[in-house]
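Take a look at the structure below.
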Amino acid sequence: MDDTELRAVASLIRDANRIAVFTGAGVSAESGIETFRQPQTGLWARYDPMELAHVDALARDPETVTRWYHWRFSKCADAKPNAGHHAIAELQRLKRARGGGVDVVTQNIDGLHQAGGAEDVIELHGSILRWRCQKTGSMRAIEEVDFSAFPPRSEAGGILRPDIVLFGEMLPEAALEAAERAVLSCDVFLTIGTSAVVYPAAGYIEMAISRGVPSVEVDPDATPMSTHMTHTLAGPSGDVLPRLLEHMGVGDDTERS
Ligand code: OAD
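Numbers in the numbering used here are just positions in the sequence shown, counted from 1, shifted up by 18.
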């Protein structure tokens with residue numbers, strides 16, 4: 019990634035009033051959370067999503083599925099937001115202070131954008147930090163779930179499952195609508211750390227491209243969307259995003275004036 023490209027994107031972002039940031043597993047990679055599709059290390063290279071992350075698997079074998087998500091939660095619980103999460107939150111604060119905004123739309127279930135200071139995060143695939151009773155629909159924070167047996171159960175006797183979107187399930191309507199509003203109202207669209215192959219979420223990238231707003235991809239590897247982007251910044255988000263803020267002059271007179 020050369021500095022010219024970085025400067026061009028920094029200038030786009032500096033001038034934008036509303037920015038939509040769309041993220042995937044890559045933004046949390048530097049926090050130690052596995053991505054899904056990287057060869058060898060990706061979760062789906064080691065585990066079968068149809069056995070562990072499909073709604074039919076939950077119905078067939080709730081013990082195995084809830085145990086696996088509890089294991090995944092333990093990884094998230096140990097993780098801290100990285101410089102990329104912090105940079106996104108900083109950008110949001112900056113734009114809000116100037117009457118604009120940054121909408122953060124994520125496919126991640128790890129809560130790290132919020133832990134890094136981002137607000138009103140739109141979670142397309144739910145959150146592993148909330149678990150839901152299958153019998154009553156009531157929700158509880160993961161700290162309130164008793165994991166001494168699997169599957170965990172509520173006081174009402176229902177199975178508690180993570181409040182996430184499994185394969186074969188619909189995405190939450192409110193999040194879909196909020197994400198669409200974000201994409202339709204942005205002046206600049208950023209996609210960060212997603213392979214952009216899982217729909218309907220990846221459709222928001224296409225929506226932004228078809229609107230013709232400047233679009234930027236941050237990812238160390240090329241994705242199916244790379245060639246359609248106005249700019250691509252090839253590198254890890256924990257490195258690229260703070261550098262972008264530096265080039266915007268955050269903290270000096272250029273950005274404040
Ligand atoms: P993937 O694993 O498909 O893609 C991760 C992307 O992050 C790839 O393009 C990597 O090149 C990139 N990447 C890796 N390290 C990075 C870094 N340090 N900085 C920036 N980018 C980096 O993950 P997602 O696209 O998020 O859904 O996957 C989408 C959905 O598929 C997930 O939400 C999950 C999964 O199945 C469900 O479980 C419903």
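Note that beta-carbon positions come from the ideal geometry of N, C-alpha and C, so glycine has one too.
Which same chain residues end up closer than 7 Å to residue i when comparing Cβ atoms and leaving out the 5 residues on each side of it in sequence?
{"i": "R171", "result": "I177, L178"}
{"i": "A242", "result": "A quick correction: the sequence has Pro, not Ala, at residue 242. Closer than 7 Å at the Cβ level, and outside the excluded window around P242, lie A214, V215."}
{"i": "Y87", "result": "I146, P180"}
{"i": "M266", "result": "A28, I31, R32, E273"}
{"i": "K98", "result": "S49"}
{"i": "F54", "result": "A43, G60, L61, W62"}
{"i": "R90", "result": "I146"}
{"i": "F165", "result": "H88"}
{"i": "V163", "result": "W149, P170, L178"}
Is the beta carbon of residue i less than 8 Å from the beta carbon of residue j?
{"i": "F168", "j": "R261", "result": "no"}
{"i": "V258", "j": "A226", "result": "no"}
{"i": "E69", "j": "L263", "result": "no"}
{"i": "L208", "j": "L24", "result": "no"}
{"i": "K153", "j": "I37", "result": "no"}
{"i": "E48", "j": "P254", "result": "yes"}
{"i": "G256", "j": "G102", "result": "yes"}
{"i": "R148", "j": "A159", "result": "yes"}
{"i": "P190", "j": "G144", "result": "yes"}
{"i": "I210", "j": "V236", "result": "yes"}
{"i": "E187", "j": "V73", "result": "yes"}
{"i": "F40", "j": "V123", "result": "yes"}
{"i": "D138", "j": "S46", "result": "no"}
Consult DSSP for residue i and reduce its assignment to one of helix, strand or coil.
{"i": "D33", "result": "helix"}
{"i": "D181", "result": "strand"}
{"i": "E198", "result": "helix"}
{"i": "V163", "result": "coil"}
{"i": "M266", "result": "helix"}
{"i": "S275", "result": "A caution first: S275 carries a pLDDT of 37, below 50, which makes its placement in the model unreliable, though a value can still be read off. Coil at S275, not helix or strand."}
{"i": "E81", "result": "helix"}
{"i": "V216", "result": "coil"}
{"i": "T5", "result": "The chain is shown from 19 up to 275; residue 5 falls before or after that span and cannot be answered."}
{"i": "V39", "result": "strand"}
{"i": "R55", "result": "coil"}
{"i": "E173", "result": "coil"}
{"i": "E187", "result": "coil"}
Would you mind reading off the limits of the beta strand (DSSP E) that contains residue i?
{"i": "T124", "result": "119-124"}
{"i": "R148", "result": "144-151"}
{"i": "L208", "result": "206-210"}
{"i": "L70", "result": "Not the beta strand (DSSP E): L70 falls in the alpha helix (DSSP H), residues 67-70."}
{"i": "H246", "result": "First-last for H246: undefined, no H or E at that position."}
{"i": "E235", "result": "233-236"}
Identify the continuous alpha helix (DSSP H) that holds residue i and give its terminal residues.
{"i": "I223", "result": "221-229"}
{"i": "I127", "result": "From DSSP, I127 is part of no alpha helix (DSSP H); its letter is neither H nor E."}
{"i": "Q110", "result": "101-115"}
{"i": "G44", "result": "44-47"}
{"i": "L61", "result": "61-64"}
CB-CB under 6 Å to residue i, same chain, minus the five flanking residues each way: which ones, in chain order?
{"i": "A219", "result": "Q125, L142"}
{"i": "G221", "result": "none"}
{"i": "L30", "result": "V206, P232"}
{"i": "A196", "result": "I140"}
{"i": "N35", "result": "G118, D205"}
{"i": "T212", "result": "G42"}
{"i": "V234", "result": "V27, L208, H249"}
{"i": "D121", "result": "A38, A200"}
{"i": "M247", "result": "S233, E235"}
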